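Novice: Residue numbers for the first sequence follow my numbering, beginning at 2 and rising by one. Where a beta carbon is used, it is the ideal one built from N, C-alpha and C, also for glycine. Only a predicted model underlies this, so the values are computations on that prediction, with no experimental measurement involved.
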Amino acid sequence: MAKNITDPGKDYARWYQDVIREAELADSAPVRGCMVIRPYGFAIWELMKDDLDARFKETGHTNAYFPVFIPQSFIHREAQHVEGFSPELAVVTHAGGRQLEEPLVVRPTSETIINHMFSKWIGSYRDLPMLLNQWANVVRWELRPRAFLRTTEFLWQEGHTAHATEEEAREETMRMLGVYTDFMHRTAAIPVIPGRKTDRERFAGAVDTYTIEAMMGNGWALQGGTSHYLGTNFAKVFDTTFLDRNNQRQYVHQSSWGVSTRLVGAVIMAHGDENGLRLPPKIAPVQAVVVPVGMQDPRAPEVMEAAQALAEDLKARGVRVRLDDRENMSPGFKFNHWEVRGVPVRLELGPRDLEAGQVTAALRIDGSKTRIPLSGAVDETKALLESIQERMLRDAREFQEARTYEADSFDDFMERLPERPGFYRVWWDGSSDDEARIQEQTSATVRCIPLKQPGGRGKCFITGRATSTTAVLARAY
RNA sequence: CGGGGCGUAGCGCAGUCCGGUCAGCGCGCCUGGUUCGGGACCAGGAGGUCGGAGGUUCAAAUCCUCUCGCCCCGACCA
């Protein structure tokens, strides 16, 4: 059993923090709510970022960068936007040794400043669609920070697009939700439920907000990313207009969408176990570690040589590999070192292996060990990484399905949730007031109205009215 | 902001009720030696104005007052 890591079944919040510390993902900063992302944690984020960035480019987007400071008045233009964000803004009132004429807001999100620029750049239907993305930091003075999940400052990407028609903008909104869904499944190996947010949970300033909801190891939900159809809400207040083919002035229809470093937290909680992190190969900074063992043996020099050769071969074939040739450290210590960090495959090579022409592969996913021929070790490792990637998604999906329940009445739900945290599928025809009541009494929320509906009709679990809509409820981070 | 808990060595903690051989333990770190197929062992060593400021006392980590900060649970959220 892992030292220094609390049993997740005993205290999940503590376990989460222990893993972050032991795997050296992040450290707390001197400013409340802020964290330092350490090299290993940042490497995971970079891999996710690169994967996503390629997907954005494939779907026609280009990157740009907008400033971190936004005139305070910008935030105030869109009524709902101010209401939603005002409480959590960091505002710069002094700079250059004097009070500013107009305070500057440290961006909590960039819809406003981007619209300010869009209104200058967009004049004709020929300028549309405008498909931009930016990788940036944003600041939200949250009441209760948690490492990666909700930090005061966080890194993210925000896509902002402008279109000639509602139809196109809505299509874009759904396309990007699809990109996120696919990314979560194929890259992060985390199953998600794509769906629409209720009015109560909608982004401040959006017409519709869509989300991908993932399940964490304790059965709680985590909103992994959002994609919004903004309608003409921002266009109207920033006068983002264009002339259509008929020389008519029109407001652009917009989308915005984002995912953040929160996803690192999602990976920790969706895959981690009592021994620490478990990383899907695609986002593992180290996919395979070669650990030479039996270093006191007379054959140690040959073992070391073979280990070096193996690591080099793997590297040449595109595997992110590390050779752990640290001296004066027991193999057990090294094994644990890489296990806590979630490295998917460990390749042990000792005198006995060398003699048998094999290498021992230990898999982080389930702790199993298999012997593979040294001659085909690179191909075999690559195959292992691929199958691990798939298995992790499958396992996570099974976990989620096993913790997805149905509830046909509020009483039923209230009774079961505390004992069985998870996703609850219910027939839903409730109002914002109903949602408030649910949250007050159970601290669960309506996570989303899944895009995939079962069909048929049933009785709303809280109002009793007949409906054809289902919703997913859960406690959430 | 409400409710809990906590600030003592890099990390995790004991000591605080009952003031005085209490500046301590484990891990980590440094040196040397022996080890090395699942978190090695022995010996030696470095490291702390006990969160801060006042006060009480012959004497304060310990008691009193004020203050700063952190963590957990809730309201807010990517």
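#1: Taking just the CA atoms, how far does Glu275 sit from Met2?
#2: Whether or not the stretch 227-237 and the stretch 415-422 are in contact is what I'm after, with contact meaning three or more pairs of Cβ atoms, one per stretch, closer than 8 Å; do they touch?
#3: Suppose the cutoff is 8 Å on Cβ atoms and the five residues either side in sequence are ignored; what does the same chain contact list for Thr242 look like?
#4: On the three-pair Cβ rule with 8 Å, is the stretch 430-449 touching the stretch 462-471?
#5: Relative to the C-alpha of Trp142, which candidate in Leu132, Gln158, Gly98, Leu90 has its C-alpha closest?
#6: If you follow the alpha helix (DSSP H) that Ser388 is in, where does it begin and where does it stop?
#7: Which residue's Cα is closest to the Cα of Arg321: Pro299, Met330, Arg347, Leu144?
#8: Could you give the residue range of the beta strand (DSSP E) that holds Asp209?
#9: Who pairs with Thr227 in a beta bridge, going by DSSP?
#10: Considering only DSSP beta bridges, list what Met36 is partnered with.
#11: Considering Cα atoms alone, identify which of Ser257, Ala163, Val93 is closest to Tyr126.
#12: Could you give the C-beta distance for Ile71 and Leu105, rounded to a whole number, given that I count them as a contact under 8 Å?
#13: What's the gap between the Cα of Arg372 and the Cα of Gly295?
#14: Examine the Cβ distances between the stretch 280-293 and the stretch 389-398 and report whether three or more of them are shorter than 8 Å.
#15: Look at the Cβ atom of Ala397, then the Cβ atom of Ala222, and state whether they are nearer than 8 Å.
#16: Based on the DSSP output, what are the partners of His1 in its beta bridges?
#17: Would Arg448 pass as a contact of Ala475 if the rule is Cβ separation under 8 Å?
#18: Would Thr188 pass as a contact of Met49 if the rule is Cβ separation under 8 Å?
#19: May I ask you to report which of helix, strand or coil DSSP gives Pro286?
#20: For Ile284, which option in Arg342, Lys58, Ala445 has the closest C-alpha, if you only look at C-alpha atoms?
#21: For Arg438 and Glu202, what's the separation of their Cα atoms in angstroms?
#22: Looking only at its chain, what residues have a beta carbon closer than 8 Å to the beta carbon of Val93, apart from the 5 residues adjacent to it on each side?
#23: Assign Tyr126 to one of three DSSP states: helix, strand, or coil.
#24: Could you check if Arg263 is buried or exposed, using at least 16 other CB atoms within 10 Å of its CB as the buried criterion?
#25: Leaving out the 5 sequence neighbours to the left and right, which residues in its chain are closer than 8 Å to Gly179 when beta-carbon positions are compared?
#26: Rounded to a whole number of angstroms, what is the C-alpha to C-alpha distance between Met217 and Ala148?
#27: Considering only the alpha carbon of each residue, which of Leu375, Lys198, Ile115, Ile269 lies closest to Ala480?
#28: Which residue from Ser388, Lys58, Asn248 puts its Cα closest to that of Gln158?
#29: Who are the Cβ neighbours of Ala65 in its own chain at under 8 Å, not counting the five residues just before and after it?
#30: Whose C-alpha, out of Val427, Gly423, Pro455, is nearest the C-alpha of Gln401?
#31: To the nearest whole angstrom, what separates the beta carbons of Glu112 and Ser256, a pair I think is in contact under 8 Å?
#32: Are the CB atoms of Met185 and Ile213 within a distance shorter than 8 Å?
#33: How far does the alpha helix (DSSP H) with Phe414 in it reach, from first residue to last?
#34: Quick one: using the 10 Å Cβ neighbour count with 16 as the cut-off for buried, is His95 buried or exposed?
#35: How long is the line joining the alpha carbons of Tyr211 and Val473, rounded to whole angstroms?
Specialist: For this structure:
#1: Looking up residue 2 in the first sequence gives position 1. Looking up residue 275 in the first sequence gives position 274. Reliability fails at Met2, whose pLDDT of 47 lies under 50, so the model's placement of it is uncertain and no value is given.
#2: Taking a cut-off of 8 Å for Cβ pairs, the stretch 415-422 and the stretch 227-237 do not touch, as fewer than three such pairs fall below it.
#3: Translated into the one-based positions of the first sequence, residue 242 becomes position 241. The answer, listed in chain order, is Ser120, Ile123, Ala236, Arg250, Gln251, Tyr252, Val253.
#4: Because the criterion of three Cβ pairs below 8 Å is met, the stretch 430-449 and the stretch 462-471 touch.
#5: Locating residue 142 in the first sequence gives position 141, where the first residue counts as 1. When each option's Cα is compared against that of Trp142, the closest is Leu90.
#6: Position 387 of the first sequence, counting from 1, holds the residue named residue 388. Note, Ser388: alpha helix (DSSP H), 378-403.
#7: Here residue 321 is taken as the residue at index 320 of the first sequence, counted from 1. Taking only the C-alpha atoms, the option nearest Arg321 is Arg347.
#8: Residue mapping note: residue 209 aligns to position 208 of the first sequence, counting from 1. Per DSSP, Asp209 belongs to the beta strand (DSSP E) from 209-216.
#9: Taking the first residue of the first sequence as 1, we reach residue 227 at position 226. Partner(s): Thr212, Gly259.
#10: Counting from 1 along the first sequence, the entry for residue 36 is found at position 35. In the DSSP output, where bridge partners are listed per residue, Met36 has Ser29.
#11: If you number the first sequence from 1, residue 126 lands on position 125. Of the listed residues, the one whose Cα sits closest to Tyr126 is Ala163.
#12: Here residue 71 refers to the residue found at position 70 when the first sequence is read from its first residue. Here residue 105 refers to the residue found at position 104 when the first sequence is read from its first residue. Indeed, because the Cβ distance is near 7 Å, the residues count as touching under 8 Å.
#13: Here residue 372 is taken as the residue at index 371 of the first sequence, counted from 1. Here residue 295 is taken as the residue at index 294 of the first sequence, counted from 1. The alpha-carbon separation between Arg372 and Gly295 amounts to approximately 17 Å.
#14: Judged by Cβ distances under 8 Å, the stretch 280-293 makes contact with the stretch 389-398, as three or more pairs qualify.
#15: Residue mapping note: residue 397 aligns to position 396 of the first sequence, counting from 1. Residue mapping note: residue 222 aligns to position 221 of the first sequence, counting from 1. In terms of Cβ geometry, Ala397 and Ala222 do not form a close pair [threshold 8 Å].
#16: Summary: the structure shown does not reach residue 1, with the chain confined to residues 2 through 478, and so no result is reported for it.
#17: Position 447 of the first sequence, counting from 1, holds the residue named residue 448. Position 474 of the first sequence, counting from 1, holds the residue named residue 475. Yes, Cβ-Cβ distance for Arg448 and Ala475 is below 8 Å.
#18: Translated into positions along the first sequence, residue 188 becomes position 187. Translated into positions along the first sequence, residue 49 becomes position 48. In this structure, Thr188 places its C-beta atom within 8 Å of the C-beta atom of Met49.
#19: Start at 1 with the first residue of the first sequence, and residue 286 comes out as number 285. Pro286: coil per DSSP, three-state reduction.
#20: Looking up residue 284 in the first sequence gives position 283. For Ile284, the nearest C-alpha among the options comes from Arg342.
#21: Taking the first sequence and counting its residues from 1, the one referred to as residue 438 is at position 437. Taking the first sequence and counting its residues from 1, the one referred to as residue 202 is at position 201. Using only the alpha carbons, I get a separation of about 14 Å.
#22: Position 92 of the first sequence, counted from the start, is the residue given in the question as residue 93. The answer, listed in chain order, is Phe70, Leu101, Pro104, Leu105, Val106, Val107.
#23: Locating residue 126 in the first sequence gives position 125, where the first residue counts as 1. It is helical.
#24: What you label residue 263 is simply residue 262 of the first sequence in a count that begins at 1. Buried, since its Cβ has 16 or more Cβ neighbours within 10 Å.
#25: Position 178 of the first sequence holds residue 179. Once the five neighbours on either side are set aside, the close Cβ partners of Gly179 are Pro195.
#26: For the purposes of this step, residue 217 is identified with residue 216 of the first sequence, where counting begins at 1. For the purposes of this step, residue 148 is identified with residue 147 of the first sequence, where counting begins at 1. Their backbone Cα atoms lie some 15 Å apart in a straight line.
#27: Given that the chain is displayed from residue 2 to residue 478, the structure contains no residue 480 and the question cannot be resolved.
#28: Your numbering for residue 158 matches position 157 in the first sequence. Nearest option by C-alpha distance: Lys58.
#29: The count along the first sequence starts at 1 and reaches residue 65 at position 64. The beta carbon of Ala65 is closer than 8 Å to those of Leu133, Asn134, Gln135 in its chain, skipping five residues each way along the sequence.
#30: Numbered from its first residue, the first sequence carries residue 401 at position 400. Per the Cα distances, Gly423.
#31: Numbered from its first residue, the first sequence carries residue 112 at position 111. Numbered from its first residue, the first sequence carries residue 256 at position 255. Taking a contact as a CB-CB distance under 8 Å, the pair Glu112 and Ser256 does not count as one, their CB atoms being some 11 Å apart.
#32: As a position in the first sequence, residue 213 is number 212, starting the count at 1. As a position in the first sequence, residue 185 is number 184, starting the count at 1. The criterion of a C-beta distance shorter than 8 Å is satisfied by Ile213 and Met185.
#33: To locate residue 414, count along the first sequence from 1; it is residue 413. 411-417 is the span of the alpha helix (DSSP H), which, as asked, contains Phe414.
#34: Here residue 95 refers to the residue found at position 94 of the first sequence. Burial is judged here by how many other beta carbons sit within 10 angstroms of a residue's own beta carbon; His95 has fewer than 16 and is exposed.
#35: Numbered from its first residue, the first sequence carries residue 211 at position 210. Numbered from its first residue, the first sequence carries residue 473 at position 472. Rounded to the nearest whole angstrom, the C-alpha separation of Tyr211 and Val473 is 13 Å.
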